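**Q**
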Amino acid sequence: MAKNIIEKIWESHIVHREEGKPDLLYIDLHLIHEVTSPQAFEGLRLNNRQVRRTDLCFATMDHNVPTKNLPTINDPIAKKQITTLADNAKEFGVQLADMGHPDQGIVHVIGPELGLTQPGKTIVCGDSHTSTHGAFGAIAFGIGTSEVEHVLSTQTLWQTKPPTMEIRVNGKLGVGVTAKDIILAIIAKWGIGVGTGHIVEYTGEAIRALSMEERMTICNMSIEAGAKAGLISPDEKTVEFLRGRRFAPQKQFEEAAAYWLSLASDEGSTYDVVLEIDAHEIEPVVTWGTNPAMGTGVSKAVPTTADYVSESDKQALKNALAYMGLEEGQPITSIEIQHVFIGSCTNSRLSDLRAAASVVKGNKLHPNVKGIVVPGSHSTKKEAEAEGLDKIFTAAGFEWRESGCSACLGMNEDIIPFGERCASTSNRNFEGRQGAGARTHLVSPAMAAAAGIYGHFVDVRQLEKQEA
Amino acid sequence: MEPINIVKSVYAPLDRKNVDTDQIISKEFLKRIERTGFGQFLFYHWRFDKEGNEVADFVLNKPQYKDAEILIAQDNFGCGSSREHAPWAILDYGFRVVIAPSFADIFHNNCFKNGILPIKLTEAECDELLEQGLQEAQAIEVNLEAQTVTTPSKVYSFNIDPYYKEMLLNGWDEIALTFKYEDAIAAYEAKRVVFE
Numbered sequence: 346m347a348k349n350i351i352e353k354i355w356e357s358h359i360v361h362r363e364e365g366k367p368d369l370l371y372i373d374l375h376l377i378h379e380v381t382s383p384q385a386f387e388g389l390r391l392n393n394r395q396v397r398r399t400d401l402c403f404a405t406m407d408h409n410v411p412t413k414n415l416p417t418i419n420d421p422i423a424k425k426q427i428t429t430l431a432d433n434a435k436e437f438g439v440q441l442a443d444m445g446h447p448d449q450g451i452v453h454v455i456g457p458e459l460g461l462t463q464p465g466k467t468i469v470c471g472d473s474h475t476s477t478h479g480a481f482g483a484i485a486f487g488i489g490t491s492e493v494e495h496v497l498s499t500q501t502l503w504q505t506k507p508p509t510m511e512i513r514v515n516g517k518l519g520v521g522v523t524a525k526d527i528i529l530a531i532i533a534k535w536g537i538g539v540g541t542g543h544i545v546e547y548t549g550e551a552i553r554a555l556s557m558e559e560r561m562t563i564c565n566m567s568i569e570a571g572a573k574a575g576l577i578s579p580d581e582k583t584v585e586f587l588r589g590r591r592f593a594p595q596k597q598f599e600e601a602a603a604y605w606l607s608l609a610s611d612e613g614s615t616y617d618v619v620l621e622i623d624a625h626e627i628e629p630v631v632t633w634g635t636n637p638a639m640g641t642g643v644s645k646a647v648p649t650t651a652d653y654v655s656e657s658d659k660q661a662l663k664n665a666l667a668y669m670g671l672e673e674g675q676p677i678t679s680i681e682i683q684h685v686f687i688g689s690c691t692n693s694r695l696s697d698l699r700a701a702a703s704v705v706k707g708n709k710l711h712p713n714v715k716g717i718v719v720p721g722s723h724s725t726k727k728e729a730e731a732e733g734l735d736k737i738f739t740a741a742g743f744e745w746r747e748s749g750c751s752a753c754l755g756m757n758e759d760i761i762p763f764g765e766r767c768a769s770t771s772n773r774n775f776e777g778r779q780g781a782g783a784r785t786h787l788v789s790p791a792m793a794a795a796a797g798i799y800g801h802f803v804d805v806r807q808l809e810k811q812e813a
Numbered sequence: 112m113e114p115i116n117i118v119k120s121v122y123a124p125l126d127r128k129n130v131d132t133d134q135i136i137s138k139e140f141l142k143r144i145e146r147t148g149f150g151q152f153l154f155y156h157w158r159f160d161k162e163g164n165e166v167a168d169f170v171l172n173k174p175q176y177k178d179a180e181i182l183i184a185q186d187n188f189g190c191g192s193s194r195e196h197a198p199w200a201i202l203d204y205g206f207r208v209v210i211a212p213s214f215a216d217i218f219h220n221n222c223f224k225n226g227i228l229p230i231k232l233t234e235a236e237c238d239e240l241l242e243q244g245l246q247e248a249q250a251i252e253v254n255l256e257a258q259t260v261t262t263p264s265k266v267y268s269f270n271i272d273p274y275y276k277e278m279l280l281n282g283w284d285e286i287a288l289t290f291k292y293e294d295a296i297a298a299y300e301a302k303r304v305v306f307e
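Residue numbers (the numbering used here), protein chains in the order written: chain D, 346 to 813; chain S, 112 to 307.
#1: Would you verify that the beta carbon of residue 693(D) is, or is not, closer than 7 Å to some beta carbon of chain S?
#2: Work out the CA separation of residue 532(D) and residue 539(D) for me, nearest whole Å.
#3: Check the DSSP bridge columns for residue 686(D) and list the partner residues they point to.
#4: Quick one: what does DSSP say residue 593(D) is sitting in, helix, strand or coil?
#5: Excluding five sequence neighbours on each side, which residues of the same chain lie with their C-beta closer than 6 Å to the C-beta of residue 175(S)?
#6: For the stretch 544-555 of chain D against the stretch 509-524 of chain D, do three or more pairs of beta-carbon atoms, one drawn from each stretch, fall closer than 8 Å, so that the two count as touching?
#7: With respect to the alpha helix (DSSP H) encompassing residue 388(D), which residues constitute its N-terminal and C-terminal limits?
#8: Indicate the three-state DSSP secondary structure (helix, strand or coil) for residue 184(S) in the structure shown.
#9: Note down the Cα distance separating residue 493(D) from residue 476(D), rounded to an integer number of angstroms.
#10: Spell out a yes or no on whether the stretch 385-405 of chain D and the stretch 347-358 of chain D are touching, meaning 3 or more CB-CB pairs, one atom from each, closer than 8 Å.
#11: Give the residues from the stretch 167-192 of chain S that approach chain D closer than 8 Å (Cβ to any Cβ), ordered along the chain.
#12: So what's residue 797(D) in DSSP terms, helix, strand or just coil?
#13: Hey, would you say residue 325(D) sits closer than 7 Å to residue 719(D), going by beta carbons?
#14: Closer than 8 Å between beta carbons: that is the criterion. Which residues of the stretch 136-168 of chain S meet it against chain D?
#15: What are the boundary residues of the beta strand (DSSP E) that residue 533(D) is part of?
#16: For residue 390(D), would you say it is in contact with chain S, using Cβ-to-Cβ distances shorter than 7 Å as the test?
#17: Which bits of chain D does residue 133(S) rub up against, with CB to CB less than 9 Å?
#18: Tell me whether residue 415(D) is buried or exposed, calling it buried when 16 or more other Cβ atoms sit within 10 Å of its Cβ.
#19: Have a look at the DSSP bridge pairing and note the partners of residue 510(D).
#20: Counting Cβ pairs closer than 8 Å, one from the stretch 710-727 of chain D and one from the stretch 685-697 of chain D, do we hit at least three?
#21: Can we say the stretch 464-476 of chain D touches the stretch 372-386 of chain D, given the rule of at least three CB pairs closer than 8 Å?
#22: Spell out the partners DSSP gives residue 487(D) in its beta bridges.
#23: Buried or exposed: where does residue 503(D) fall if 16 or more other Cβ atoms within 10 Å of its Cβ makes it buried?
#24: By how many angstroms is the C-alpha of residue 647(D) removed from the C-alpha of residue 728(D)?
#25: Under the assumption that residue 873(D) contacts residue 641(D) (Cβ atoms under 8 Å), give the Cβ distance between them as a whole number of angstroms.
#26: Output, in chain order, the set of chain D residues within a Cβ distance shorter than 8 Å of residue 285(S).
#27: According to DSSP, simplified to helix, strand and coil, what is residue 429(D)?
#28: Quick one: using the 10 Å Cβ neighbour count with 16 as the cut-off for buried, is residue 445(D) buried or exposed?
#29: Given this structure, state the Cα-to-Cα distance separating residue 813(D) from residue 754(D), to the nearest angstrom.
#30: For the beta strand (DSSP E) containing residue 268(S), list its first residue and its last residue.
#31: Nearest to residue 170(S) by alpha carbon, out of 162(S), 163(S), 184(S), 114(S)?
#32: Hey, could you find the ends of the beta strand (DSSP E) residue 368(D) is sitting in?
#33: Answer yes or no: do residue 796(D) and residue 682(D) have a C-beta to C-beta separation smaller than 7 Å?
#34: Where does residue 248(S) sit, in a helix, a strand or coil, going by DSSP?
#35: When you compare the CB of residue 472(D) with every CB in chain S, is at least one pair closer than 7 Å?
#36: Over what stretch of residues does the alpha helix (DSSP H) that includes residue 456(D) continue unbroken?
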C-alpha cells in the first residue's frame, strides 16, 4: 500500500506500541538552547539521572546572545542563563557551539548547515520553530522543557500519532514572490489553527521548485499554522545540499542518499486532510495584525469590520488594529515603518541576505528608518562577508551584526521601541513580540529591504519592473 | 507533580481567542533558570500598563475573579512558542484547570507534564460559560475522574485521553515510567540504521 513520508518515518521510530497509550518514539537528534534547557538539566541532577545519548544531542546559544560588542553581556540574568548552558553541557558531556564558536548560530540554521539535520530523522528541540528541519524530510517538532528532560534521560518521547495533512501548492510562483509569501499566504487563507494536531507535508510544483533554504522558510512557519510539524519529501536537491557536510554520512553517503530518496511519499499516498492553493494567486504578503494569519497582499488594504461575519472576529480585528495603530481599509503601501529587521530562523540564511542585498544595493535607508541585519549563523556571516554583502548593507546605513535570534523575540537588547513599527523577516507578529508595544509586520527579505529604503511598504514587483 | 482530580472554584472568563504563549508569559521573563516564580509575570502586559499600574478592566485584576483556580478562554489557547514557562506561570499564579474549545498542541502537552488539566468543551459551551462568568463570578466544580464540569445550573462532560487522565490523577513522573521500557529502548538502538 502506498505510504506517505510521515507514516514511513513514524513507523520506523516506534520503540513500543500498546493499545490505549501513545507510541514510545525514538528521537534521532536533540537540539538544545539556553532558554528552554536549564530546568531540564536541573531535573536530571535532582533525580541523579544522566544524558542517555550525548552523541545525539547538540547545543548552542542563540536566544539571549548579544549581536554586538561580543563577548560582553550586559544583562546579568541572560548571562547566567548562558553560563548555565555552558556548565550543563560540560557536566553532562553534550557537544556545544558556545558564543564565539565558529559553529554558533540560531539552532535551526546550524542544524542543516552542519549536516546534523537529515532526511528520515526524528528531530526535537525546546523551540516551536524546530519544524524548520522538516524541509529535509524529517519529522521535526518543538517540545516543552519537561519533554527536553525526557529526551535527555531516555532518548524517547510518548507521542500520539497525529493525523496527516497535505498542502499542495500548484503552479509556478510569480517573479518577486518568495517562499515567505507562500507560507504567509497559506496561513492567511486558512488561519493559524488550520494545522493544529496535524503533521503537514507540503507538495506540488511550486514546492519542488524551491531551494533547500526556501523550503526551510516554509517548514519553519508550520507552527504558525498550528501544525505539530511540517515537512517536504526529499529529492536530489536535499541530497546535494547534504553532500560533504561535516555531520552528514561520509563513507556511506551514497547508501544514505538512496535511503533518503526512498522515504519520499509514494505515488498515490493519502492524507487525512488535503488543501490546495494556486501559486499564481500569491503576491508578496504583509501582515497588518497581531497574529501571522492577519496578512494580505501588498496591493491590498487592511480589512474592515464589514469583511467579517462573527462578532468575535470583528472584535479581534478592532483589538489588532488598536494595537497596531492602523485604520480599517488603509492601503498596505501607506503604512510607514521606522525599523527593518532582517534575520531569524525563518529568513537569515545566505539566500535571504542575498535577496535583501539585491534590493538594497546602491540605495540608502530612508532617513526615518533604522535597520539591522543579523545573519543566522557565524558561518553564514562569514560567507556573506566573503561575497561583500556586509558592505552593501552598511553602505546603505544598515547595521551588520553577529548571529542570534535577536529582534525576532527581543530577549537580548535588540528591541523595537514602544509604538514603533518594524518590517521584519521573522515569524511572529504577536503583541509585544519584538518589545513591549512594538508593532511587527511580517514580510520577505526583499520586501523588508524595500520598505527600509522607501520608509513605507512597496511592492517589490514594481521595483523590478522599473529596473527592467 | 501534584495529582489532580476535583477542583472547586470560581472561574476567570478570558474572552479571547488565539491567546498565544507570548501573552501568557512575555520573553523578558524567560531568563530564570528555575521552574517557579513565573506567576507574578502571567499576562503581564495585559495586567499592567506601561508604568506598571494594574489595568482595572483586565479580568484577572477584578476582585471577584482573584481566587479563580479555573481559567476559561476561546479557541486555540496557548498557540505560538513552545515555552513551558507558560504553563509554569499559569500554575504558579494559582490555576489548575484551563477550559477552551481548542488548544495548541505543544501547550496542551506541556499542561499534562505539570499537573494542569486542559479541558476541551465545545465552542457553544465555552461561550455560555464565558457569558455567565462575565455577568457574575460563579463557582463551578471540575471532576477529572467523572470527566464533568458542574455549574449551579448544568453539568458538562468532556473527553480526555485515558493515558493523560491516569498521569494527572496519579501525578506520575513520566520519565520514571519510561525507564521501565529500558529493554525496548536498548533493543531499538541495537537495530537502528546509522550511516557512517
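Every residue gets a Cβ at the ideal spot worked out from N, C-alpha and C, and that includes glycine. Remember, it's a predicted structure, so these values are computed and weren't measured experimentally.
**A** This is what the structure holds:
#1: Residue 693(D) does not count as touching chain S.
#2: 8 Å
#3: 717(D), 769(D)
#4: coil
#5: 248
#6: With the rule of 3 Cβ pairs closer than 8 Å, the stretch 544-555 of chain D counts as touching the stretch 509-524 of chain D.
#7: 383-391
#8: Residue state, collapsed to three classes: coil.
#9: 16 Å
#10: no
#11: 185, 186, 187, 190, 191, 192
#12: helix
#13: Any answer about residue 325(D) is impossible in this case: the structure gives chain D only from 346 up to 813.
#14: From the stretch 136-168 of chain S, only 137, 138, 139, 141, 142, 143, 144, 145, 146, 156, 161 have a Cβ closer than 8 Å to chain D.
#15: Counting along the chain, residue 533(D) falls outside any beta strand (DSSP E), though it belongs to the alpha helix (DSSP H) covering 524-535.
#16: no
#17: 754, 773, 775, 776, 777, 778
#18: exposed
#19: In DSSP, residue 510(D) forms a bridge with 545(D), 618(D).
#20: As far as the Cβ criterion goes, the stretch 710-727 of chain D touches the stretch 685-697 of chain D, which means the pair count is three or higher.
#21: yes
#22: Looking at the DSSP output, residue 487(D) bridges to 470(D).
#23: buried
#24: 39 Å
#25: Residue 873(D) lies beyond the range of chain D shown here (346 to 813); nothing can be said about it.
#26: Within chain D, the residues near residue 285(S) are 491, 495, 503.
#27: Of the three classes helix, strand and coil, the one that applies to residue 429(D) here is helix, per DSSP.
#28: exposed
#29: Any reading at residue 813(D) needs caution, since the residue's pLDDT is 44, under 50, leaving its predicted position unreliable; the model's value is listed next. Residue 813(D) and residue 754(D) have their C-alpha atoms some 37 Å from each other.
#30: 266-268
#31: Closest option to residue 170(S), Cα to Cα, is 184(S).
#32: Element bounds for residue 368(D): 368-371.
#33: yes
#34: coil
#35: yes
#36: 452-459
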